[in-house]
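These protein sequence lines map, in sequence, to chains A and B.
The numbering of the first sequence is the UniProt record's numbering, which starts it at 1 and goes up by one.
The numbering of the second sequence is the UniProt record's numbering, which starts it at 1 and goes up by one.
Note that beta-carbon positions come from the ideal geometry of N, C-alpha and C, so glycine has one too.
Notes for the one structure printed next.
2 protein chains.
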Amino acid sequence: MPKYDVIVIGSGPAGNAAAYALKEQGKNVAIIEADLWGGTCPNRGCDPKKMLMSGVEAKMRVERLTGKGFETSPEINWEELMAFKKSYTDSVPDSTQHGLASAKITTYHGTASFVDSKTIAVADQKLTAEQYLIATGQSPTVLPLEGKEHLRNSTDFLALEQLPKKVAFIGAGYIAFELAIIANAAGAQTHIIHHNDQPLKGFDRELVNQLVEHLEAAGINFHFNIDTQKIAKQAEGYQIIANDFELTADLVIGATGRKPNIDHLALEKANVDYDKKGIKVNERLQTSQAHIFACGDVLAKNTPKLTPVAGYEASYVVEAMNGQVSAIDYPLIPTIVFGDQRLARVGVSEKELAEHSEKYHTQTIDLAGWYTYQRINDQGAKIKFVYDEADKIVAITCLSQLADELINYLVILLTKQITHAELEKFIFAYPSPASDLSYFI
Amino acid sequence: MPKYDVIVIGSGPAGNAAAYALKEQGKNVAIIEADLWGGTCPNRGCDPKKMLMSGVEAKMRVERLTGKGFETSPEINWEELMAFKKSYTDSVPDSTQHGLASAKITTYHGTASFVDSKTIAVADQKLTAEQYLIATGQSPTVLPLEGKEHLRNSTDFLALEQLPKKVAFIGAGYIAFELAIIANAAGAQTHIIHHNDQPLKGFDRELVNQLVEHLEAAGINFHFNIDTQKIAKQAEGYQIIANDFELTADLVIGATGRKPNIDHLALEKANVDYDKKGIKVNERLQTSQAHIFACGDVLAKNTPKLTPVAGYEASYVVEAMNGQVSAIDYPLIPTIVFGDQRLARVGVSEKELAEHSEKYHTQTIDLAGWYTYQRINDQGAKIKFVYDEADKIVAITCLSQLADELINYLVILLTKQITHAELEKFIFAYPSPASDLSYFI
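As structure tokens, this is what we get:
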């Protein structure tokens, strides 16, 4: 039976990075992938989504300047845009596997199942290792509806060869928003259907509402407080049925959440604890079995399930596997909804802010009239700061075409505790979003 | 005769900022402007240029994706784009003057001339002050050619109501480049004529050459080693004549440099030293008269003449006027050529790098294949690091659609001496240019 120092299960950003780093430590490492080498992020997540978003951004940069330099905005050719996406994604699985193999990390393809806490089975083979890292990520949940077989998911959307005329998304989290923004910009009649009136929970409600208004003006149809009960196939498409609501679309995307990929792992055989949110770990990312670690989206955790967080955890695990580390300590974690106008936040969670609202006060700055935003006609650009009782910034939300750039600068400034006086002594390429930073801090 | 604590001459970014800050110190302040309130940068410099550049960026974002999501790129409507620019610039002079007046800073409009070192004349009035700040900036030079009266300058270009069919720029500094990029993207046949084969001196030669290639592919015609001798008005336009070279254009822009605005100041009456490069100051920005300070582009200095540098100097002068400051110490100063693909640099000057090339070694990283750049089809994206003998980064040049964003991040990282290990513990909004930073440091 092949024996390794460490077996990594899952080759997404977390597992992949960990495998390389463990190998660099001189360990004998194997990695198992049940699906596409590279995992969700580069194959059917962040990266392909943002390839498509390139088209949206380009179109909308022009559209914002309609009447200000351009007569009309260009139309997106879906087939070409999808081919552009594939020019990136097509090579990901092979290049990921070849990279691992070149680094002398043994690769196994197939579903991994624990036989016992020391042994794992994959593709009719049994392997053993001193330590394990479970980094199998998540996949879309399927709403338990009548007609649920008619639902498609984000993976299907990101592979659509043709864009249907009418697309509906059930759910209003960031995945639904981002894919709806793409569909709408590419010319589909686009609907977002949500069971309550609080889309993008986890983001500031005031700025979420403004983003919704912006997207409504751009053509997206929002339907709130709709409890979808049934999907029925009709001659003219798929009918979404709820009490007092009915909508027929050519494509219905279920975007109501993601679940940890643990069903096939046979965790009980290894005595690894888990719940429906994922694998339970201690503050050293050890499961209930001290030699089995887990990280990334498969964890039952409250920190956002994002690629860079998974990467951060992977780096931590690589050290933790050698012992002698203190509990994991997360840095600031920005979260973002991409699009034309982007919504980004960082800091204390909205849940905490709402629960202890008496401790916090806010300031919202309208950026639309600032040169940087006026220049790109970024109407509606805003930034909201939340301060604690000592007037310390504890959270920031930004709605702008430049929100990602701005939030990333602010992550550095907050982490390094750079003061206003210090920031005033920086000289940045001008004019630019960076040149405005001293007005915020 | 009205008497002030401080009289500021020039209301550009430097003079304006200094006037407000001095007023906040409780001083009695007057400010004199001979031309447009607000000065060059917001009226006929960085800001209007980048309003027009918005159109270029938007068009080129689409053009880069031609065949990758778009059939064609949209055409720029010059009149509309110019109206968009004016929507920003039109209100600058009035709002600048009203802002100053509201802050109870006395404003005088007219040409200022020293009567003696304590007295200044403006619009038939004499004023006196304890201290002076000269911040009159620069204006375009005029080449001493036969037919020089046919040359127009950057100010004229930025106010063009219609875009001529064929535009030629004489000179190949960043102003010529940026305006040529705008003219070319907006549909004019565009030429850059330069007396040697080293455009954009001050930037890394290798990456300048690549930018030139990129712009040639985009349609700009470069003519190097052409010593223009004469401009002749012909029926079909303005003929640029040199040995073995002749070109006729509808508009010829002289962009061969800028000269300090000191001619009308009667500096000799105040015994203020100057040369053709500008006003001479010591390390406390005092002129040869200790009570007369100067800052910004009007200085004879080696630091780049840029708005944020002028602002930095203005802040310094405000303290220096109260005495007890140490010599001015400049932070890192990034410089940039805006455009579709932007060229940005920071660090030790190219002159120093060339003179002591034995002390330095370089590494150029091709970014085009990196996800961040592949996503926007940023072909030719590159970053070049220069290291000293201790492998410390001493200069960085970046050629990319994202060069401004990247160089501004790097300014922060270098200034705060953030290490690779530290940077790996940051989590950024992903994917984004910031998420790549740990690969550079």
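Selection from A:F114, A:D5, A:G219 that minimises the alpha carbon distance to A:E268: A:F114
Do we get a CB-CB distance below 9 Å when we pair B:I396 with the residues of chain A? no
Please report how far the alpha carbon of B:K148 lies from the alpha carbon of B:K68, in whole angstroms. In a straight line, the C-alpha of B:K148 is about 46 Å away from that of B:K68.
Nearest chain B C-beta to A:T335 closer than 9 Å, yes or no? True, the Cβ-Cβ gap to chain B drops below 9 Å.
Taking 9 Å as the CB-CB limit, is B:P441 close to chain A? Note that residue 441 of chain B is Ile in the sequence shown, not Pro. Not closer than 9 Å to any Cβ of chain A, the Cβ of B:I441 fails to qualify, so no.
Against chain B, which members of the stretch 220-240 of chain A pass a CB distance test of less than 9 Å? none
Taking Cβ-Cβ distances shorter than 9 Å, what residues in chain B pair up with A:R61? S54, E57, A58, K59, R61, V62
Beta-carbon separation of B:P2 and B:T106 under 9 Å? yes
Count Cβ pairs between the stretch 368-380 of chain A and the stretch 327-337 of chain A that sit closer than 8 Å; are there 3 or more? no
Mind pulling the chain B residues with CB within less than 7 Å of A:A434? N408
Would you call B:K126 buried or exposed, if buried means 16 or more other Cβ atoms sit within 10 Å of its Cβ? By the beta-carbon neighbour count (other beta carbons within 10 angstroms, threshold 16), B:K126 is exposed.
Does the separation of the CB atoms of B:P140 and B:G219 fall below 9 Å? no
Please name the residue or residues paired with A:V122 in a DSSP beta bridge. A:A112, A:Q125
Start and end of the alpha helix (DSSP H) containing B:P93? In this chain, the alpha helix (DSSP H) harbouring B:P93 covers 92-102.
Reference A:S315, options A:L343, A:I383, A:L285, closest by Cα: A:L285
So A:K351 packs on A:L207, CB below 8 Å; how close in whole Å? A:K351 to A:L207, Cβ: 16 Å. No contact.
Taking its Cβ as the centre, do 16 or more other Cβ atoms sit within 10 Å of B:P144, making it buried, or is it exposed? exposed
Let me know the secondary structure DSSP gives B:Y360 once reduced to three states. coil
Contacting positions in the stretch 165-182 of chain B - beta carbon closer than 8 Å to chain A: Residues of the stretch 165-182 of chain B with a C-beta atom less than 8 Å from some C-beta of chain A do not occur.
Beta-carbon proximity list for B:N271, same chain, < 7 Å, skipping 5 on both sides: The answer, listed in chain order, is S117, S288, Q289.
Would you mind sorting A:I134 into buried or exposed? The rule is 16 or more other CB atoms within 10 Å of its CB. Burial of A:I134 is indicated by the presence of at least 16 other C-beta atoms within 10 angstroms of its C-beta.
C-beta atoms of A:N225 and A:D197 nearer than 9 Å: yes
Taking the alpha-carbon of B:E63 as reference, which of B:A390, B:Q341, B:L414, B:P93 has the nearest alpha-carbon? When only C-alpha atoms are compared, the closest one is B:Q341.
Note down the Cα distance separating B:K276 from B:A429, rounded to an integer number of angstroms. 49 Å
Please classify A:H194: is it buried, with 16 or more other beta-carbons within 10 angstroms of its beta-carbon, or exposed? buried
Residues, ordered as in the chain, of the stretch 203-221 of chain B that lie near chain A by beta-carbon distance below 9 Å: none
Do you know how far the Cα of B:I336 is from the Cα of B:V6? 34 Å
Determine which residues share a DSSP beta bridge with B:T397 and list them. B:R345, B:K384
In chain order, each beta strand (DSSP E) run of at least 3 residues that lies wholly inside the stretch 284-358 of chain A: 292-294, 335-337, 342-347
Bridge partner(s) assigned by DSSP for A:P48: Its beta-bridge partners do not exist; DSSP assigns none.
Need the endpoints of the beta strand (DSSP E) that A:E33 sits in, please. 29-33
Could you tell me whether the Cβ atoms of B:K59 and B:L158 are closer together than 9 Å? no
For B:G67, decide whether its Cβ has a neighbour in chain A, counting only Cβ atoms nearer than 9 Å. yes
Could you list which residues in chain E have their beta carbon closer than 9 Å to that of A:L332, in chain order? Of the chains in the structure shown, none is chain E; the protein chains are A and B.
Using a C-beta cutoff of 9 Å, does A:S315 count as contacting chain B? yes
A:N221 by DSSP, collapsed to three states: which one? strand
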